[in-house]
Structure formats: structure tokens, C-alpha cells
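See structure below.
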Amino acid sequence: MTTTEVSVYSLLMRRTTPPNARPTEFELELLRLLWTKGEATVRDLHEAVNESRELGYTTILKTMQIMTEKGLVEREESGKAHLYRATRSEQDTQRQFIGDIRERLFGGSVGQLVLQALSSESVNANELEQIKTLISKKEREQ
Numbered sequence: 000m001t002t003t004e005v006s007v008y009s010l011l012m013r014r015t016t017p018p019n020a021r022p023t024e025f026e027l028e029l030l031r032l033l034w035t036k037g038e039a040t041v042r043d044l045h046e047a048v049n050e051s052r053e054l055g056y057t058t059i060l061k062t063m064q065i066m067t068e069k070g071l072v073e074r075e076e077s078g079k080a081h082l083y084r085a086t087r088s089e090q091d092t093q094r095q096f097i098g099d100i101r102e103r104l105f106g107g108s109v110g111q112l113v114l115q116a117l118s119s120e121s122v123n124a125n126e127l128e129q130i131k132t133l134i135s136k137k138e139r140e141q
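Residue numbers (numbering that gives the first Met the number 0): 0 to 141.
Below is the structure:
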């Protein structure tokens, strides 16, 4: 193979990840830890997860490798250890999930999503005040 053919082949064979890859429940658990810590090694994540349940180090390592391939985290080599950090913020990830739920369950209707969420769950005073503030802001924008 020529150099060009090798380059094209390696591009085709490289695992591509969609820009909107969805994390699994366990991946979300690890992302929550990363959002809290900022960055962490597999050992750090292993210790944190094992505070609530016992899970093998290699399970977390493999999951972090998969998350790197999916584009959910990025890895930086720091000596022998690799530091992982989330590639998207918690808020961006929440928006991605909400957008997906809005489209799939509510036909794209933000109003229906909000009405269902508010009618099915209790809201504390602080959350209610934040909701009112957001509604006022949206009314002024229109």
C-alpha cells in the first residue's frame, strides 16, 4: 500500500464516534464523578465507586477506554497514570438527554415536557422560584 492508501485506510478503520454519543447509566455515574472532581485517574474513580459498591478496577478501566472512544471523556498521560476529564459539561449532557426525551416522547413540545415534569414531581420552594424566574425571562424574550 502507498502512504496515501495507508492514511485513507487508517481513517476508515478508526472508530468514529457520533458527536451526540449517549452515555450508559454506568458511564453517567463515572461522568458525575468527573464533573465533581474535574479530572481523575482510573484509581480515583475506582475508589469512589467502591464506596457504594464493589466493582473491579479493570471494569472501570475498560469503561473509561470505551468512553474515550465514544468521545465522552478525554485522556491525558501524566506519568504512569492517565488523567480523564469529561469532554462535555454536566449541563450540556443534561440538555442532550432532555432534547432527546422531548423529541421522542413529547413530539418536540417543550410545554408538554415541562407540564408532565411539574405535574408528576414535587417541587421545593427554591426550585419553584427558579422556574418562575425562567418563565418571566422567557416571556420578556417573546
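A virtual CB, placed ideally from N, CA and C, is assigned to each residue, including glycine.
Go ahead and pull the three-state DSSP assignment for L54.
-> In the sequence shown, residue 54 corresponds to position 55, counting from 1. In the three-state reduction of the DSSP assignment, L54 falls in the coil class, being assigned neither a helical nor a strand state.
Would you kindly check if the distance between the Cβ of T62 and the Cβ of E26 is under 8 angstroms?
-> Looking up residue 26 in the sequence shown gives position 27. Looking up residue 62 in the sequence shown gives position 63. Yes. Within cutoff.
Pick out whichever of G98, G110, Y56 has its Cα sitting closest to the Cα of R42.
-> Here residue 42 is taken as the residue at index 43 of the sequence shown, counted from 1. Relative to the Cα of R42, the nearest Cα in the group G98, G110, Y56 belongs to Y56.
From the DSSP output, which residues share a beta bridge with V72?
-> Taking the first residue of the sequence shown as position 1, residue 72 is located at position 73. For V72, which the question treats as bridged, DSSP gives the partners A85.
C-beta atoms of V72 and T58 nearer than 8 angstroms | Taking the sequence shown and counting its residues from 1, the one referred to as residue 72 is at position 73. Taking the sequence shown and counting its residues from 1, the one referred to as residue 58 is at position 59. Not closer than 8 angstroms, so no.
Option in L30, E75, Q129 with minimal Cα separation from R88 | Position 89 of the sequence shown, counting from 1, holds the residue named residue 88. Looking at the sequence shown, residue 88 is not Arg but Ser. Proximity to S88 across L30, E75, Q129 peaks at L30, based on C-alpha coordinates.
Please go through the same chain and pick out, in chain order, the residues whose beta-carbon is closer than 6 angstroms to the beta-carbon of S6, but skip the five residues on each side of it.
-> Along the sequence shown, read from residue 1 onward, the residue named residue 6 stands at position 7. Unreliable placement is indicated for S6, whose pLDDT of 46 sits below 50; no coordinate value is reported for it.
8 angstroms Cβ cutoff met for R101 and E38 | As a first step, residue 101 must be located in the sequence shown, where it is residue number 102. As a first step, residue 38 must be located in the sequence shown, where it is residue number 39. Not closer than 8 angstroms, so no.
When the Cα atoms are used, what is the spatial distance from R52 to R139?
-> Stepping through the sequence shown from its first residue, residue 52 is reached at position 53. Stepping through the sequence shown from its first residue, residue 139 is reached at position 140. Approximately 48 angstroms between the Cα atoms of the pair.
Leaving out five residues on either side along the sequence, give the residues of the same chain with a beta carbon under 8 angstroms from the beta carbon of E28.
-> Here residue 28 refers to the residue found at position 29 when the sequence shown is read from its first residue. V48.
Buried or exposed: where does T92 fall if 16 or more other Cβ atoms within 10 Å of its Cβ makes it buried?
-> Taking the first residue of the sequence shown as position 1, residue 92 is located at position 93. Label assigned to T92: buried.
Return the residue from the list Q64, T40, E46 that minimises the CA-CA distance to G78.
-> Within the sequence shown, numbered from 1, the residue matching residue 78 stands at position 79. When only C-alpha atoms are compared, the closest one is T40.
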